[in-house]
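Here the structure comes first, spelled out in structure tokens, and everything after it is commentary.
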Amino acid sequence: MGGCASKEKKDKVAADATTGENGKAAGADGATADAAEGNKTNTMVDAAVLQKLEDGFAKLQASDSKSLLKKYLTKEVFDSLKNKKTPTFGSTLLDCIQSGLENHDSGVGIYAPDAESYSVFAELFDPIIEDYHKGFKKTDKHPARDFGDVSTFGNLDPNNEFVVSTRVRCGRSMEGYPFNPCLTEAQYKEMEDKVSSTLSGLEGELKGKFYPLTGMEKAVQQQLIDDHFLFKEGDRFLQAANACRFWPTGRGIYHNDNKTFLVWCNEEDHLRIISMQKGGDLGEVYRRLVTAVNDIEKRIPFSHHDRLGFLTFCPTNLGTTIRASVHIALPKLAADLKKLEEVAGKYNLQVRGTRGEHTEAEGGIYDISNKRRMGLTEYQAVKEMYDGIAELIKIEKSL
Ligand code: ADP
Ligand code: CIR
């Protein structure tokens, strides 16, 4: 497995790899020039990595994969990127695309092993970002964070006819640390300590407890997963991306007593901040999330990029990082899944199965959320889901 060749480098270097609030440090933006320089002087991509890339590329080309990776990794782009490495961690194209090369059923198929990858491999990331986020161009700049007026959203389903539960999550990366494939075991432990001690300071409705995955009883873990509170284990897309090293070290979950406010530590992203509850009261769910994020941001510095917004491991989550979803039953519309997906797509919504991405619907319950997260504000991302779900319910009622 290649990549992150320089992960033994000092923390100071790692700190420079993710940008500060103003994107001033040598992060995704500032890395381009350094990267070009680095490629001239740095060690070359080794032969075994190049061979894996060539083999994987040929197989992907011959496959009927519908991934964005296949769509945008043309021969020209492949040849232009295959010998590049990120300057700080030495991540290669293989580190970015190995998940999509191994899993031809990927929807996207690419991750950024470190923040610099977004600029070093921009020829591939940019068109994928533009496609996924529906028109966010390489010349566009993600707008400033704006949660808007949290009191404007109401209950999507006051009579409890369709919506089982509502959830809004966002992702955050801690400044000074790279993404999963480049983290050391010591960093995982250090991050978990920081997260758990910081969250222990939360009060009121957000007050809760941190539960490390290390030592958690399997039955407890499974129950949390079954109840949709905890991330699943053994995600093959993340595993192939080299994102599950040292598992379960450094991974864990914080939640309040009634599990309406939760924080995941070191699964796909350093932090996933989540607000959820039964029913369709998006207003209450969103207000709780915004209160929590504002509070946590006072306590932990997060990686933010001037053009890309909040930095995340997967390009689908950049920008606002917001995914606002409902678990919803729309039996008439969903009688034809293709039709449901088509109608949802009109409102920029994405349909997932009951246990999240790459799962099936159980008991006719679908997870429907805003798809794009970049090029719009946090408020607009949530509003996109709110308006779209209201329309879907209207259509369901009319059938
Ligand atoms: P993400 O964290 O990116 O949203 P997933 O799609 O894997 O990732 O979903 C994570 C978990 O959240 C899954 O268990 C999923 O069922 C649950 N979930 C998502 N939306 C809702 C919702 N509206 N109500 C209850 N659980 C939800
Ligand atoms: C895929 O390409 O299907 C997976 N790598 C997941 C892509 C987006 N999902 C996500 O949770 N970020």
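Each residue of the sequence shown is one higher than the last, beginning at 1058 in my numbering. Ideal Cβ placement from N, Cα and C applies to all residues, glycine included. Predicted model only: the values in this text are computed from it and were never measured.
For this session: Say yes only if the C-beta of E1414 is nearer than 6 Å to one or more non-hydrogen atoms of ligand 1, and no if none qualify.
Result: Yes, ligand 1 has a heavy atom inside 6 Å of this Cβ.
Exercise. What's the gap between the Cα of G1147 and the Cα of E1173?
Worked result: Spanning the alpha carbons of G1147 and E1173 requires a straight line of approximately 10 Å.
Exercise. Less than 7 Å separating the beta-carbons of T1369 and A1438?
Worked result: No; because the gap between Cβ atoms is not below 7 Å, this pair is not in contact.
For this session: Check whether the Cβ of S1222 lies closer than 6 Å to any heavy atom of ligand 1, and answer yes or no.
Result: Yes.
Exercise. With distances taken from CA atoms, which of C1061, L1390, Y1343 is nearest T1209?
Worked result: For T1209, the closest alpha carbon among the candidates C1061, L1390, Y1343 is that of Y1343.
For this session: Alpha carbon to alpha carbon, how far is Q1108 from Y1436? Give it in angstroms, no decimals.
Result: Distance from the CA atom of Y1436 to the CA atom of Q1108, rounded to whole angstroms, is 45 Å.
Problem set entry | Check: N1374 C-beta below 6 Å from any heavy atom of ligand 2 | Result yes, Cβ under 6 Å from ligand 2.
For this session: Would you please verify whether the beta carbon of N1351 is less than 7 Å from any beta carbon of chain C?
Result: The displayed structure is made up of one protein chain only, and chain C is not part of it.
Problem set entry | N- and C-terminal bounds of the beta strand (DSSP E) containing K1335 | Unbroken beta strand (DSSP E) run through K1335: 1328–1335.
Exercise. Does DSSP put I1353 in a helix, a strand or coil?
Worked result: Of the three classes helix, strand and coil, the one that applies to I1353 here is helix, per DSSP.
Exercise. If V1220 and D1214 are in contact, beta carbons under 8 Å, what's the gap, nearest whole angstrom?
Worked result: Yes, they are in contact, since the Cβ atoms of V1220 and D1214 sit about 4 Å apart, within 8 Å.
For this session: In angstroms with no decimal places, state the Cα-to-Cα distance between D1424 and S1124.
Result: The C-alpha of S1124 is placed about 21 Å away from the C-alpha of D1424.
Problem set entry | Minimum C-alpha distance to G1337 - residue among A1386, T1306, D1326 | When each option's Cα is compared against that of G1337, the closest is A1386.
For this session: For P1170, count neighbouring Cβ atoms within 10 angstroms of its own Cβ and tell me buried if that reaches 16, exposed if not.
Result: Result: buried.
Exercise. Under the criterion of a Cβ to heavy atom distance below 6 Å, does S1008 qualify as lining ligand 2?
Worked result: Absent from the structure is residue 1008, since the part of the chain shown begins at 1058 and ends at 1456.
Exercise. By Cβ distance below 7 Å, which residues in the same chain neighbour E1448 in space, the five residues on each side in sequence not counted?
Worked result: Excluding positions up to five away in sequence, the list reads Y1404.
Exercise. Exposed or buried, I1446, counting other C-beta atoms within 10 Å across all chains shown (16 or more means buried)?
Worked result: Flag for I1446 reads buried.
For this session: Take the Cβ of P1235 as the centre, count every other Cβ of all protein chains shown within 10 Å, and call the residue buried at 16 or more, exposed below.
Result: Taking all protein chains in view, the Cβ of P1235 is crowded by 16 or more other Cβ atoms within 10 Å, so the residue is classified as buried.
Exercise. Hey, F1359 and M1231 are a contact pair by Cβ (cut 8 Å); roughly how many whole angstroms apart?
Worked result: With 8 Å as the limit, F1359 and M1231 qualify as a contact, their Cβ atoms being about 6 Å apart.
For this session: Rank A1349, A1392, K1264, F1288 by C-alpha distance to the C-alpha of D1326 and give the top, closest one.
Result: The option with the nearest alpha carbon to D1326 is F1288.
Problem set entry | Buried/exposed call for A1349, threshold 16 Cβ in 10 Å | Classification of A1349: buried, given that the 10 Å Cβ count is 16 or more.
For this session: Grab the span of the beta strand (DSSP E) containing T1223 for me, first residue to last.
Result: T1223 -> beta strand (DSSP E) spans 1220–1229.
Exercise. Which class does S1479 belong to by DSSP, given the choice of helix, strand or coil?
Worked result: Within the shown structure, residues of the chain are numbered from 1058 to 1456, placing residue 1479 beyond reach of any answer.
For this session: From the DSSP output, read off the bridge partner residues of E1419.
Result: Bridge partners of E1419: I1422.
For this session: Would you identify the three-state DSSP class for C1061, choosing helix, strand or coil?
Result: Annotated three-state conformation of C1061 is coil, per DSSP.
Exercise. Does the pairing of the stretch 1300–1312 with the stretch 1159–1167 give three or more beta-carbon distances under 8 Å?
Worked result: Contact annotation: the stretch 1300–1312 does not touch the stretch 1159–1167, with fewer than three C-beta pairs closer than 8 Å.
Problem set entry | Start-to-end residues for the alpha helix (DSSP H) that takes in G1113 | 1104–1119 is the span of the alpha helix (DSSP H), which, as asked, contains G1113.
Exercise. Ligand 2 heavy atoms versus the CB of F1294: any closer than 6 Å?
Worked result: Under cutoff, so the answer is yes.
Problem set entry | Every unbroken alpha helix (DSSP H) inside the stretch 1158–1220 [4 residues or more] | With a minimum length of 4 residues, the continuous alpha helix (DSSP H) runs that stay inside the stretch 1158–1220 are 1174–1177, 1179–1189.
Exercise. What distance in whole Å lies between the Cβ atoms of G1157 and L1126, which are believed to be in contact at a cut-off of 8 Å?
Worked result: Contact holds; Cβ gap of about 4 Å.
Exercise. Between the stretch 1307–1317 and the stretch 1275–1291, do at least 3 Cβ pairs fall closer than 8 Å?
Worked result: Judged by Cβ distances under 8 Å, the stretch 1307–1317 makes contact with the stretch 1275–1291, as three or more pairs qualify.
Exercise. Hey, would you say the C-beta of H1190 is under 6 Å away from at least one heavy atom of ligand 1?
Worked result: With a cutoff of 6 Å, H1190 does not count as near ligand 1, since its C-beta is closer than that to no heavy atom of the ligand.
For this session: Spatial neighbours of E1242 within its chain, please: CB distance less than 7 Å, with the 5 preceding and 5 following residues excluded, ordered by chain position.
Result: The residues F1303, T1306, in chain order, have a CB closer than 7 Å to that of E1242 in the same chain once the five nearest residues on each side in sequence are set aside.
For this session: Flag this pair as yes or no: are the beta carbons of R1364 and K1194 separated by less than 7 Å?
Result: Cβ atoms of R1364 and K1194: not closer than 7 Å.
Exercise. Between which two residues does the beta strand (DSSP E) carrying A1386 extend?
Worked result: Counting along the chain, the beta strand (DSSP E) containing A1386 begins and ends at 1380–1386.
For this session: For T1411, collect the residues of the same chain with a Cβ closer than 6 Å to its Cβ; drop the 5 residues on either side in sequence, then sort them by chain order.
Result: Around T1411: A1418, E1419, I1422.
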